[in-house]
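In my numbering, the protein residues as written are 22 to 167.
Even for Gly, the Cβ is constructed at its ideal location relative to N, Cα and C.
Quick caveat, the model's predicted, so the values are computed rather than measured.
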Amino acid sequence: MKVILLKDVKGTGKKGEVVNVADGYGSNYLIPNKLAKVANATNLNLATQEKASEQHKQELMLQAAKDLKEKINNLDVVLNIKCGENGKTFGSISNKEIAEKLSSMGYDIDKKKIEFNPVKSIGLFDVKVKLHPSVVATIKLEIKPL
C-alpha cells in the first residue's frame with residue numbers, strides 16, 4: 022500500500038514522502054492515527070502543490086533574511102548603562118537588552134536569534150544575529166557608562 026506521510030514516522034519516513042508500507046500497517050495504524058493518507062492521484066497532486074508552496078515560502082524567508090542582513094550587518098549599537106568606578110556594570114547586558122535596543126532602532130529581531138553571552142563590563146563586542154539557518158549578521162555593540 023502506498024501512502025503519503027503527514028508527519029515524520031520513525032522507521033518509515035519523513036513528512037511529505039510517498040512510501041510503500043504493509044497493508045495492515047497503513048490501514049490499521051498510519052491512516053487512523055492521521056500519520057498518513059492513501060496515495061491516490063488527488064492526494065499526490067495536493068502533496069506536490071504543498072511541497073512547492075513550502076519551498077517557495079522557504080525561498081521568500083531566505084531572501085527576507087538576506088535583505089535584513091544587508092541592513093543590519095556591521096550596524097553600530099550603543100547601550101548606555103550605570104557603571105561602578107572600575108568599569109563593572111550594575112547588572113549584566115544580555116540578548117534581551119540588545120533586542121530591545123534594536124527594536125527601538127526599528128529592527129524587529131527576536132531575542133532568541135541573538136547569540137550573545139551576558140557581559141558585565143563596558144567595551145566593544147561583536148554580536149551574531151542568526152536571521153536564518155544559513156544567514157548570520159554581525160552587529161557591533163558598544164557598552165558605555167552613563
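Worksheet entry | Same chain only: Cβ atoms within 6 Å of V140, ignoring 5 sequence neighbours per side | Cβ within range, chain order: I114.
Worksheet item: So, is F137 buried or exposed, given that buried needs 16 or more other C-beta atoms within 10 angstroms?
Response: By the C-beta density criterion, F137 is buried, having at least 16 other C-beta atoms within 10 angstroms.
Discussion item. So if DSSP puts A158 in a beta bridge, which residue, or which two residues, is it bridged to?
Written reply: Answer is V150.
Worksheet item: Can you name the start and end residues of the beta strand (DSSP E) that A57 belongs to?
Response: Per DSSP, A57 belongs to the beta strand (DSSP E) from A57 to V59.
Worksheet item: Near F111, which residues of its chain fall below 6 Å by C-beta distance, leaving aside the five closest residues on each side in sequence?
Response: Around F111, the same chain offers K103 as residues with beta carbons nearer than 6 Å, after the five sequence neighbours per side are excluded.
Discussion item. Between L100, V30 and L65, which has its C-alpha nearest G144's C-alpha?
Written reply: Minimum Cα distance to G144 is reached at L100.
Fill in: Straight-line Cα distance separating A158 from V40
So the alpha carbons of these two residues sit roughly 40 Å apart.
Discussion item. I believe N64 touches K58 by the beta-carbon criterion, under 8 Å. Please report the beta-carbon distance rounded to the nearest angstrom.
Written reply: That belief holds up - the Cβ atoms of N64 and K58 are roughly 5 Å apart, short of 8 Å.
Worksheet item: Is the distance from the Cβ of K90 to the Cβ of L152 below 9 Å?
Response: Their beta carbons are under 9 Å apart, which means K90 touches L152 by this criterion.
Item to complete: Starting from the Cα of K149, find the closest Cα among S125, N95 and D129 and give me that residue.
Response: Looking from the CA of K149, the closest CA among S125, N95 and D129 belongs to N95.
Worksheet entry | Bounding residues of the beta strand (DSSP E) (the contiguous stretch that carries D97) | DSSP places D97 in the uninterrupted beta strand (DSSP E) bounded by D97 to I102.
Worksheet item: On the three-state DSSP scale, how would you describe T69?
Response: In the structure shown, T69 sits in a helix (DSSP, three-state: H, G or I).
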